[in-house]
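Novice: Sequence positions in the sequence shown follow this note's numbering and run 1 to 258.
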Amino acid sequence: MPVNPAHTPPVKFLGSRFLPPELLAMLLLVAALGTAATVTYGSDQNTRRIEQTYRQFLRTRRTLAAVRRVLSLTKDVQTGKRGFLLTGKEGYLMPYYDGLQALRKQSEVVQERLAEHPDLLSRFMRIKQLIADKVELVQETIQLKRDRNFDVALQLASSDRSKDLMREVRVVSAQIDFELEQKTLTLNDAAQEQNRLARQINLLGGVTTMVLGVAITAILWLKIGSFTSGKRPSARATSAWLPAKKQAKICFISLPTN
1 MPVNPAHTPP
11 VKFLGSRFLP
21 PELLAMLLLV
31 AALGTAATVT
41 YGSDQNTRRI
51 EQTYRQFLRT
61 RRTLAAVRRV
71 LSLTKDVQTG
81 KRGFLLTGKE
91 GYLMPYYDGL
101 QALRKQSEVV
111 QERLAEHPDL
121 LSRFMRIKQL
131 IADKVELVQE
141 TIQLKRDRNF
151 DVALQLASSD
161 RSKDLMREVR
171 VVSAQIDFEL
181 EQKTLTLNDA
191 AQEQNRLARQ
201 INLLGGVTTM
211 VLGVAITAIL
221 WLKIGSFTSG
231 KRPSARATSA
241 WLPAKKQAKI
251 CFISLPTN
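1) Suppose contacts are defined by Cβ-Cβ distances below 8 angstroms. Is Thr-122 in contact with Val-70 by that definition?
2) Would you mind working out which of Thr-40, Val-172, Ala-25 sits nearest Leu-203, comparing C-alpha positions?
3) Note the first and the last residue of the continuous alpha helix (DSSP H) segment covering Ala-32.
4) Look at Val-67 and Ser-173 and say whether their C-beta atoms are less than 8 angstroms apart.
5) Helix or strand or just coil, what does DSSP make of Ala-235?
6) Within 8 angstroms, do at least three Cβ pairs link the region 42-50 to the region 184-201?
7) Please report how far the alpha carbon of Glu-22 lies from the alpha carbon of Val-211, in whole angstroms.
8) Pick helix, strand or coil for Lys-223, following the three-state DSSP scheme.
9) Taking all protein chains shown into account, do 16 or more other C-beta atoms lie within 10 angstroms of the C-beta of Ser-234, making it buried, or fewer, making it exposed?
10) Just to confirm the assignment, what range does the alpha helix (DSSP H) spanning Lys-89 have?
11) What is the DSSP secondary structure of Asn-188, counted as helix, strand or coil?
12) Determine the extent of the alpha helix (DSSP H) in which Leu-130 is found, giving its start and end residues.
13) Provide the residue span of the alpha helix (DSSP H) that contains Ala-115, from first to last.
14) Out of Pro-95, Gln-143, Arg-59, Glu-136, state which residue places its alpha-carbon closest to the alpha-carbon of His-117.
15) Are the region 90-98 and the region 72-80 in contact at 8 angstroms, needing three or more beta carbon pairs?
16) Buried or exposed for Ala-215, going by 16 or more other Cβ atoms inside 10 Å?
17) Check Ser-159 in the structure and name its three-state DSSP category.
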């Protein structure tokens with residue numbers, strides 16, 4: 001049984017009974033473009049957060065190293081006087097003076113870097129005061145040795161006060177060390193989480209690119225199809241809309257003559 005071309009159902013492509021294919025493809029394109037813009041913005045913000053976290057991590061690690069350096073220099077200052085106490089020669093005080101100068105510079109560095117951590121800065125100021133008391137005690141010991149009071153100088157160097165000062169310096173330094181170490185671990189965890197988010201954003205960006213490609217391909221396909229079909233109508237399409245009398249006239253004119 002022949003099928004009437006006028007009643008042939010239209011071919012659907014990415015369409016539905018409610019939306020025409022062209023509109024659906026355009027909506028898909030707009031949604032993909034919006035998603036792409038969101039992904040780009042989110043990727044930029046996450047990259048900025050990663051850079052900020054990394055800078056904070058580096059600052060914290062450097063501050064931690066500086067605090068440990070202060071403790072090491074304090075020990076050097078404490079032991080730098082031993083050669084002088086044993087021999088009485090001023091040349092043996094060079095390690096002490098070098099260590100004292102380096103300790104003062106390093107203390108300023110730590111104080112500056114701990115400015116963003118007020119709680120740790122207050123503890124370090126306590127260390128700084130303890131170190132000042134320790135240096136004063138060492139200076140007194142050196143002066144006693146110069147005054148030929150060797151026994152008194154030795155007693156002062158090995159006194160409980162000297163040991164207590166150094167013990168408290170170690171305790172407070174260990175507290176600061178622990179807090180800074182915890183901060184580095186927290187920043188490291190934050191960096192890992194941000195890297196995981198970056199991978200998810202990259203994956204979403206890849207999917208969005210695929211959707212954009214599909215939407216653009218669909219629009220081009222529909223445009224090309226509508227252009228070719230509208231340029232040269234087929235015989236069936238022509239017979240579907242021409243009036244019956246017109247079709248008969250065309251057929252009569254097109255009959256061959258003898």
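Even glycine gets a Cβ: it sits at the ideal position worked out from N, Cα and C.
This structure is a prediction, so every number in the text was calculated from the model and none was measured.
Specialist: Concretely, from the data shown:
1) In the sequence under discussion, the amino acid at residue 122 is Ser, which differs from the Thr named in the question. Contact: no.
2) The residue with the shortest Cα to Cα distance from Leu-203 is Thr-40.
3) 21-79
4) yes
5) Reliability fails at Ala-235, whose pLDDT of 47 lies under 50, so the model's placement of it is uncertain and the value that follows must be treated cautiously. Residue state, collapsed to three classes: helix.
6) yes
7) Cα-Cα distance, rounded: 16 angstroms.
8) helix
9) Any reading at Ser-234 needs caution, since the residue's pLDDT is 48, under 50, leaving its predicted position unreliable; the model's value is listed next. Ser-234 is exposed by the Cβ-count criterion.
10) Counting along the chain, Lys-89 falls outside any alpha helix (DSSP H), and DSSP gives it neither H nor E.
11) helix
12) 118-146
13) Segment: none, Ala-115 is in no alpha helix (DSSP H) and carries neither H nor E.
14) The residue with the shortest Cα to Cα distance from His-117 is Arg-59.
15) A contact exists between the region 90-98 and the region 72-80.
16) buried
17) coil
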